[in-house]
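Residues in the sequence shown are numbered from 10 upward in steps of one, following this note's numbering.
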Amino acid sequence: MDSPPRLTVLISGSGTNLQAVIDAIDAKTLPATVVRVLSNRKDAYGLERAKKAGIPTVYHNLLTYKKKHPNTEDGVKKAREEYDTALARIVLDDKPDLVVCLGFMYVLSKKFLDPMAKAGLDTINLHPALPGAFNGTHAIERAQEAWLEGKVNKTGVMIHKVIAEVDMGEPILIREIPFIKGVDEDLEALKERIHKIEWEVVIEGINIMIKRMGEVAQEIQLKKKGRQGDPID
10 MDSPPRLTVL ISGSGTNLQA VIDAIDAKTL PATVVRVLSN RKDAYGLERA
60 KKAGIPTVYH NLLTYKKKHP NTEDGVKKAR EEYDTALARI VLDDKPDLVV
110 CLGFMYVLSK KFLDPMAKAG LDTINLHPAL PGAFNGTHAI ERAQEAWLEG
160 KVNKTGVMIH KVIAEVDMGE PILIREIPFI KGVDEDLEAL KERIHKIEWE
210 VVIEGINIMI KRMGEVAQEI QLKKKGRQGD PID
């Protein structure tokens, strides 16, 4: 790719993984630029991290859409569909090359994912568990509980493509984390250990996607040259 890939990052919380991305870009270990950070929570500290780094931010609130509809199953469904449709427009307006969910506590639907796919954009997510093991929220707590009950001996962290089914998309990168007896009984210490591994996995996973995007772009260029009758190196 001729210019650094453009990333849009979706967050909900403190933004420690976002900070890892910002630091890696500054250290030139991640050849990318973050064009916007979007949060569905107004008090997310990650928004402050982005502002300090000079990155544009936006707060996109589901509650605004819920207020337009009755508090029924159908009303909530319509609100979420409208929210996702608007979210897709916000993201696409920045013309990113990749959407990265880092602690984005919201389940994206086809109303968001289909426009991304139509635009040729992948959406990836960081999840603190192994594929198919502890999908959804509180994955670290549930993994620790399973370990304490003798059901598992390891957990992990993965970067995966986002599909409508929660945490079920194609894994991009998987990092196994064996439980340590005498250490991981402390939930907060376990979380801290996993979060440090997440920072590494996030950068490695995005770099994998950047490499893939570069290969796709090169393949397209080669096909164009071939159609034009130009020699292909």
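Even glycine gets a Cβ: it sits at the ideal position worked out from N, Cα and C.
{"Item": "Distance, Pro79 Cα to Ala198 Cα", "Value": "43 Å"}
{"Item": "Reduced DSSP secondary structure (H/G/I, E/B, other) of Leu27", "Value": "helix"}
{"Item": "Ile20 versus Leu96 - alpha carbon distance", "Value": "13 Å"}
{"Item": "Counterpart residues of Ser48 in DSSP-defined beta bridges", "Value": "Ile20, Tyr68"}
{"Item": "Contact between the stretch 118–126 and the stretch 45–64 (3+ Cβ pairs under 8 Å)", "Value": "no"}
{"Item": "Three-state class that DSSP yields for Pro124 in the structure shown", "Value": "helix"}
{"Item": "Where the alpha helix (DSSP H) containing Val85 begins and where it ends", "Value": "82–102"}
{"Item": "Cβ of Pro79 within 8 Å of any chain B Cβ", "Value": "Of the protein chains in this structure there is only one, and it is not chain B."}
{"Item": "Beta-carbon contacts of Leu139 that lie in its chain and below 6 Å, excluding the five residues immediately before and after", "Value": "Gly165"}
{"Item": "Heavy atom of the ligand NAP within 7 Å of Ile172 beta-carbon", "Value": "For the structure depicted, the ligand NAP is absent and the ligand set is empty, with no information on it obtainable."}
{"Item": "Per-residue burial, Leu253 [other beta carbons within 10 Å of its own, 16 or more giving buried]", "Value": "Here the chain has residues from 10 to 242 only, and residue 253 is not among them."}
{"Item": "Rounded C-alpha distance that separates Asp6 from Glu185", "Value": "Because the chain spans 10 through 242 in this model, residue 6 falls outside it and cannot be assessed."}
{"Item": "Same chain, Cβ closer than 7 Å to Pro105, neighbours up to 5 away in sequence not counted", "Value": "Arg15, Leu16, Thr17, Val44, Leu130"}
{"Item": "Straight-line gap, Gly84 to Lys75 (C-alpha atoms, nearest Å)", "Value": "7 Å"}
{"Item": "Whole-angstrom distance between Gly191 and Glu207, CA atom to CA atom", "Value": "22 Å"}
{"Item": "C-alpha gap between Gln28 and Gly235, whole angstroms", "Value": "42 Å"}
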